[in-house]
Amino acid sequence: MKIYLVGGAVRDRLLGLPVYDRDWVVVGATAQQMAAAGYQSMPGDFPVFLHPESGDEYALARTEVKTGPGYHGFEVDAGPDITLEQDLLRRDLTINALAEDADGNIIDLCHGRDDLDEGLLRHITPAFTEDPVRLLRIARFAAKLGQCGFRIAHGTHDLMKKMAVSDDLLNLKSERLWREMKKALAQPQPWRFFEVLHQCGALQRLLPVLGASMGDATAHGHPSSKAAMAALHRAVDLTEDLRVRFVAVMFAGLARTGEMAEFSRQLPVEREFTDLLEWVLTHGIELDAETPAENLLHIVARLKPVQQPERFRAFEQSCHALWPEKMKAAWPRLELAGQVVSSVDVQALRRTGFEGAALGDALQHARVERLRQRLMDL
3 MKIYLVGGAV
13 RDRLLGLPVY
23 DRDWVVVGAT
33 AQQMAAAGYQ
43 SMPGDFPVFL
53 HPESGDEYAL
63 ARTEVKTGPG
73 YHGFEVDAGP
83 DITLEQDLLR
93 RDLTINALAE
103 DADGNIIDLC
113 HGRDDLDEGL
123 LRHITPAFTE
133 DPVRLLRIAR
143 FAAKLGQCGF
153 RIAHGTHDLM
163 KKMAVSDDLL
173 NLKSERLWRE
183 MKKALAQPQP
193 WRFFEVLHQC
203 GALQRLLPVL
213 GASMGDATAH
223 GHPSSKAAMA
233 ALHRAVDLTE
243 DLRVRFVAVM
253 FAGLARTGEM
263 AEFSRQLPVE
273 REFTDLLEWV
283 LTHGIELDAE
293 TPAENLLHIV
303 ARLKPVQQPE
313 RFRAFEQSCH
323 ALWPEKMKAA
333 WPRLELAGQV
343 VSSVDVQALR
353 RTGFEGAALG
363 DALQHARVER
373 LRQRLMDL
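380 is the number that the numbering used here gives the last residue of the sequence shown; the numbers go up by one with no jumps.
#1: So, helix, strand or coil for W26, using DSSP?
#2: Who are D110's beta bridge partners in DSSP?
#3: Provide the residue(s) that pair with F397 in DSSP beta bridges, ordered along the chain.
#4: Ignore the nearest five residues each way along the sequence and tell me which others in A186's own chain have a CB closer than 6 Å to its CB.
#5: Let me know the secondary structure DSSP gives R153 once reduced to three states.
#6: Could you check what DSSP says for K164 in three-state terms: helix, strand or coil?
#7: When the Cα atoms are used, what is the spatial distance from M262 to L16?
#8: Rounded to whole angstroms, what is the Cα-Cα separation between T220 and G213?
#9: Let's see if you can read the secondary structure: which residues bound the beta strand (DSSP E) around F76?
#10: Helix, strand or coil: how does DSSP classify P225 here?
#11: Within its chain, find whatever has a CB closer than 6 Å to the CB of G9; leave out the 5 residues flanking it on each side and keep chain order.
#12: Along the alpha helix (DSSP H) that carries L256, what are the first and last residues, could you check?
#13: Does the structure place the segment 371 to 379 close enough to the segment 339 to 355 that three or more beta carbon pairs sit under 8 Å?
#14: Would you call Q201 buried or exposed, if buried means 16 or more other Cβ atoms sit within 10 Å of its Cβ?
#15: Considering just the uninterrupted stretch of the alpha helix (DSSP H) at E66, what are its terminal residues?
#16: With DSSP run on the structure shown, which of helix, strand or coil describes V1?
#17: Whole angstroms is fine: what's the gap from G114's alpha carbon to G148's?
#18: Check the C-beta distance from L179 over to L208 and give it rounded, since I have them as a contact under 8 Å.
#19: So does the segment 89 to 109 actually touch the segment 119 to 135, counting three or more Cβ pairs closer than 8 Å?
#20: Taking the DSSP output, what are the residues bridged to L122?
#21: Give me whichever residues DSSP pairs with L95 in a beta bridge.
#22: Quick one: what does DSSP say G355 is sitting in, helix, strand or coil?
#23: Can you list, in chain order, the residues of its chain with a C-beta nearer than 8 Å to that of L161? Leave out the 5 residues immediately preceding and following it.
#24: Is there contact here, the segment 310 to 319 with the segment 352 to 372, by at least three beta-carbon pairs under 8 Å?
#25: Tell me which residue opens and which closes the alpha helix (DSSP H) that T241 is part of.
#26: Can you tell me the Cα-Cα spacing of K68 and V308, whole angstroms?
#27: Within this structure, are the beta carbons of F265 and V211 separated by less than 8 Å?
#28: With respect to the alpha helix (DSSP H) encompassing E177, which residues constitute its N-terminal and C-terminal limits?
#29: Whose C-alpha, out of G106, L100, M3, is nearest the C-alpha of P82?
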């Protein structure tokens, strides 16, 4: 039995990037031997085990042969006779096919170090096209490694364009699409994920509402300058909150089509993401330098900045990412509305005899009048 550190941990260390997860490949072992050594088997389509102490993932070396459509359409051989070379050659990109032995020696059978030096995301073999998930992965690596100057090799981009029009692409599970998209939103340059998918033609099929908002696919190597990507750039500068980044990239398409309900059915996005998007679609649009006091107070009542300050902050950042110029005048007005809501003394109104519905009407009237006066002083 021989054990090698593989993939991202080797790649990122050579690039000088932080290493968060370590994956290992085991050559010359069986599942029974792994279990006997104390490793815990994980559910899945191929043998992967958790180390009893570190929790790292240890996978038996394997080969994969395409036998059917989609991500699961592969026949896997993880027998003890599978070599390290066979395992590395089945991987997607040259920079992900690096291994390190117990003595710290780097095994590079696919010239991955050359591509690390040149900043290239390059496929290993034409079998790259057999798994549609690899389109999402290479787009995510572009988002992760764009900060290091990485670009997609022309030959790989040509294969991606063929994958984008294949029937296999539509076999991708929506859960996997959202998982990869969410990971991409956390990367240093998340816009690269969407640009890469757009440029090869896959975005229009996977996320039609976003693909349409970005217009015609641009040539390889020339990023889109559409509004959604510009907003995402600003969101990244503002925050690491994935909800805000999600709103920035999805707003334009959904504001144009109004297909929020259909979009929610297509992509299994968590409620906290879609709630923020709906608030921005409903209330962010109406915010400007002329928004009436009544409308401002209604927005404050819906968003509850005092009770839910973190949610209100996400709404603020989303609005600034989408409309940086408009918000210079509009946002102070909304903040003022929040202050006015807290400043009107409910008990004082009650002492004057207001109760029930009449108290509510009097409270709203007092807030509107006070806000109007304060807005005149801005």
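Where is the CB? At the ideal position from N, CA and C, for every residue including glycine.
Considering the structure as presented:
#1: Strand, per DSSP.
#2: Bridge partners of D110: L100.
#3: Missing from the structure shown is residue 397; the chain here goes from 3 to 380 and no further.
#4: Excluding its 5 nearest sequence neighbours in each direction, A186 has C-beta neighbours in its own chain below 6 Å: R142, A145, P192, F195, listed in chain order.
#5: R153 falls in the strand class under three-state DSSP.
#6: If DSSP states are grouped into helix, strand and coil, K164 belongs with the helices.
#7: The straight-line gap from Cα to Cα measures roughly 43 Å.
#8: Since pLDDT at T220 reaches only 47, below the 50 mark, its modelled position is unreliable, and the value read off the structure follows with that caveat. Between T220 and G213, the alpha-carbon positions lie close to 12 Å from each other.
#9: Under the DSSP assignment, F76 falls in the beta strand (DSSP E) whose first and last residues are 76 to 79.
#10: With a pLDDT of 42 at P225, under the threshold of 50, the predicted position of this residue should be treated as unreliable, though the coordinate-derived value follows. If DSSP states are grouped into helix, strand and coil, P225 belongs with coil.
#11: So the list reads D25, N98, once near-sequence residues are dropped.
#12: Counting along the chain, the alpha helix (DSSP H) containing L256 begins and ends at 244 to 259.
#13: Yes, the segment 339 to 355 is in contact with the segment 371 to 379.
#14: Taking every protein chain shown into account, the CB of Q201 has 16 or more other CB atoms within 10 angstroms, so this residue is buried.
#15: From DSSP, E66 is part of no alpha helix (DSSP H) but of the beta strand (DSSP E) over 65 to 68.
#16: What is shown of the chain runs 3 to 380, which leaves residue 1 out entirely.
#17: Each residue's Cα considered, the two are about 17 Å apart.
#18: The beta-carbon separation of L179 and L208, rounded to 6 Å, stays under the 8 Å limit for a contact.
#19: Cβ pair count under 8 Å is three or more, so yes.
#20: Bridge partners of L122 according to DSSP: R153.
#21: Looking at the DSSP assignment, L95 forms a beta bridge with H125.
#22: Here DSSP, grouped into helix, strand and coil, assigns G355 to coil.
#23: So the qualifying residues of the chain are H125, P128, F130, T131.
#24: No, because fewer than three Cβ pairs between the segment 310 to 319 and the segment 352 to 372 fall closer than 8 Å, the two stretches do not touch.
#25: Note, T241: premise wrong, no alpha helix (DSSP H); not H, not E.
#26: Each residue's Cα considered, the two are about 56 Å apart.
#27: A contact, by the Cβ cut-off of 8 Å.
#28: Judged by DSSP secondary structure, E177 falls within the alpha helix (DSSP H) whose first and last residues are 176 to 187.
#29: Out of G106, L100, M3, M3 has the C-alpha closest to the C-alpha of P82.
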